[in-house]
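Notes follow once the structure below has been shown.
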Amino acid sequence: MRGIPVAISLLALTAAIGVGIPTGRTEPSLLPIGARVGDLDLSPFYRWSDALPERPGVMLRKETVPAQPEITSAGLAQRILYTSTDLRWNAGIIPVSGTLYLPKGEPPAGGWPLVAWAHGTLGVSDACAPSWTGHKSRDATYIQRWLENGFAVVATDYQGLGGPGPHPYLVWQAEGRSVLDAVRAALSGYPDKVAPKSFITGQSQGSSAAIGATIIAESYAADVPLLATVATGLVSTFPDGPYRPDRTAIASPIYTTLMMLGGSLAEGAPTVDDLVSDKGKPILKAARESCAPEMRDVARREGITADNVYVEPMVQALARLTPVTDMRARRLHVPMLLGTGLADTTLVPTRQYAEVAALCAVGNDVDWKTYPGATHNGGLNAAFPDALAFFRGVLAGEKPPSNCSDIIEPGPPGEAATGIAFND
698 MRGIPVAISL LALTAAIGVG IPTGRTEPSL LPIGARVGDL DLSPFYRWSD
748 ALPERPGVML RKETVPAQPE ITSAGLAQRI LYTSTDLRWN AGIIPVSGTL
798 YLPKGEPPAG GWPLVAWAHG TLGVSDACAP SWTGHKSRDA TYIQRWLENG
848 FAVVATDYQG LGGPGPHPYL VWQAEGRSVL DAVRAALSGY PDKVAPKSFI
898 TGQSQGSSAA IGATIIAESY AADVPLLATV ATGLVSTFPD GPYRPDRTAI
948 ASPIYTTLMM LGGSLAEGAP TVDDLVSDKG KPILKAARES CAPEMRDVAR
998 REGITADNVY VEPMVQALAR LTPVTDMRAR RLHVPMLLGT GLADTTLVPT
1048 RQYAEVAALC AVGNDVDWKT YPGATHNGGL NAAFPDALAF FRGVLAGEKP
1098 PSNCSDIIEP GPPGEAATGI AFND
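For the sequence shown, this note's numbering assigns the number 698 to the initial residue and increments by one for each residue that follows.
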């Protein structure tokens, strides 16, 4: 795998990460491990020494997570470790980490409905796992708003963030499995407190995880009682949709390097170490050891740009990546609310419109909301009132709204407005 020996025996895998992740299988594990893929020694919690159950969604362990000032309505806040399935490297059952929050007080009859939160881009190093570092303020505020409105929240770190091996950044199938198995773990871990009424919500990278989880739910996790999905800051691309996919948003030293480290280089491509130039090496080191903000700081300090980060032009480097954001447009079994900030310069509104149009074109129930003046960051919490009303309507048995017949392609990003939370 991309410059990392992949045919690692189970014994070697165990030795390489200390106590290891035995699975009870006898065939070699193909999961790349070690510092070169972002593995760090966080704490014993993230290491699993016993044989893993041969099914996904099993709660392995849980412990109290340090309090965050934004999250004041949690009666229970836990770091969790649960099983999921790796298909990117065919490693089988693996441990994945995350966090679980239950509201204060006694649950209603049947339990609290569950929101599965899928976070945006943080990085690929274990140092970026929200269960370890805490959720960034924007996301913690979002989680708090669900809790104070009577929803339990489970938040996956995703495969490889905290747990062993690479984080398959933007590989929506892998991220979707992490989301669905977090729901399974929450339901099995607290069957008397969490209701079999589940929702998914995600932002940016997490929008792909949320929609990806929705796509694979019926085939991978038919037991998950998924009722509806919300996604904001839309990143997915649909080659079979009515508009040509725009992949220019990932043409940056940050996102492209994260994708290379996350297993997106096509078979036969040079390794990420061979592709990154001497000038770009500091950003690769930062990606392996720290997170996206530190990568940006390094890029600014060292003058690393799209023109000098690789040994070849950016357009050639991009061509070496598999199109992991691509999805096939299909009819999904639950309604969706999709949200776009009209001042989003990270994933511009026209690109997000193309995703909405593709999902609408195949007959999905989609309610697309746009938020004037909201940026990529600001769009998440700006959309919360609509997301809350949407989920509550689904719980009440109301017919989900759909405005597919009325969507209009937006213009270029507008100016960022004041008075919107986290609207940087």
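Cβ coordinates follow ideal geometry from the N, Cα and C atoms, glycine included. Every value quoted in this text rests on a predicted model; they were computed, and no experiment measured them.
Counted within 10 angstroms of its Cβ, other Cβ atoms place residue i as buried (16 or more) or exposed
i	result
N1074	buried
G721	Caution is warranted here: a pLDDT of 38 is assigned to G721, below 50, making its placement in the model unreliable, and the coordinate value is therefore given only provisionally. It counts as exposed.
G965	exposed
E872	buried
R1122	Residue coverage of the chain in this structure runs from 698 to 1121, which leaves residue 1122 outside it and unanswerable.
P861	buried
I1105	exposed
T1115	exposed
Q1013	exposed
D971	exposed
A1093	exposed
K890	buried
G1108	exposed
A806	exposed
P1046	buried
A1122	No answer is possible for residue 1122: it lies beyond the span of the chain, which begins at 698 and ends at 1121.
T945	exposed
A748	exposed
Reference residue i; option with closest CA among the options
i	options	result
L797	G789, S770, V821, G820	S770
D836	D854, T1067, V821	D854
I768	A788, A806, E845	E845
V1091	K1066, P1032, A1055	P1032
S740	Y866, P750, G772, L778	L778
W745	P792, T782, P766	P792
P827	D783, S781, A764, G886	A764
D783	T954, E751, E760	E751
G1038	S987, A910, P1110	P1110
V850	A910, A925, L773	L773
Inter-residue Cα distance where the pair is residue i and residue j
i	j	result
P942	F935	6 Å
Y743	R758	9 Å
D1103	A1071	21 Å
Y940	E803	49 Å
H864	L819	11 Å
L884	M756	9 Å
V880	H832	18 Å
A892	D994	43 Å
L811	R842	13 Å
A906	V762	24 Å
C1057	C1101	6 Å
E915	S933	20 Å
G731	E1009	27 Å
V969	Y1068	38 Å
A788	I1117	43 Å
S781	D920	14 Å
A925	N1005	43 Å
R776	E999	36 Å
K982	Y952	14 Å
H816	D738	22 Å
K801	A1086	21 Å
Y1096	N1061	For the record, residue 1096 in the displayed sequence is Lys; it is not Tyr. Approximately 13 Å between the Cα atoms of the pair.
M992	H1030	39 Å
L799	I908	24 Å
I840	Y1007	38 Å
V1053	V973	35 Å
Contact check, residue i vs residue j, beta carbons under 8 Å
i	j	result
W809	A852	no
R785	V734	no
R1028	V1059	yes
I790	P753	yes
D823	G859	yes
Q856	S834	no
A948	A984	no
G903	A1051	no
Q1180	L1015	In the structure as shown, the chain starts at 698 and stops at 1121, and residue 1180 therefore has no counterpart that could be examined.
F896	F1088	yes
L1044	G959	no
Y866	V821	yes
Own chain, CB closer than 7 Å to residue i, minus 5 neighbours either side, in chain order
i	result
G1084	Just to set this straight, residue 1084 is Ala in the shown sequence, not Gly. Only T898, V927, L1034 meet the Cβ criterion.
N1120	A1071, T1072, N1074, G1075, A1113, A1114
A910	G873, V876, L877, I897
L922	According to the sequence as given, residue 922 is Pro; it is not Leu. So the list reads P893, K894, S895, once near-sequence residues are dropped.
Cβ shell of residue i (< 6 Å), same chain only, five flanking positions each side left out
i	result
L1018	M956, S961
A918	L877
R1048	D943
A1079	Y1068, A1071, I1117
Close beta carbons around residue i, own chain, < 8 Å, minus the five adjacent residues each side
i	result
D736	I714, I730, D823, P861, G862
A963	R1017, L1018, T1019
I1001	P950, K976, G977, P979, I980, V995
M1011	A948, T953, A1003, D1004
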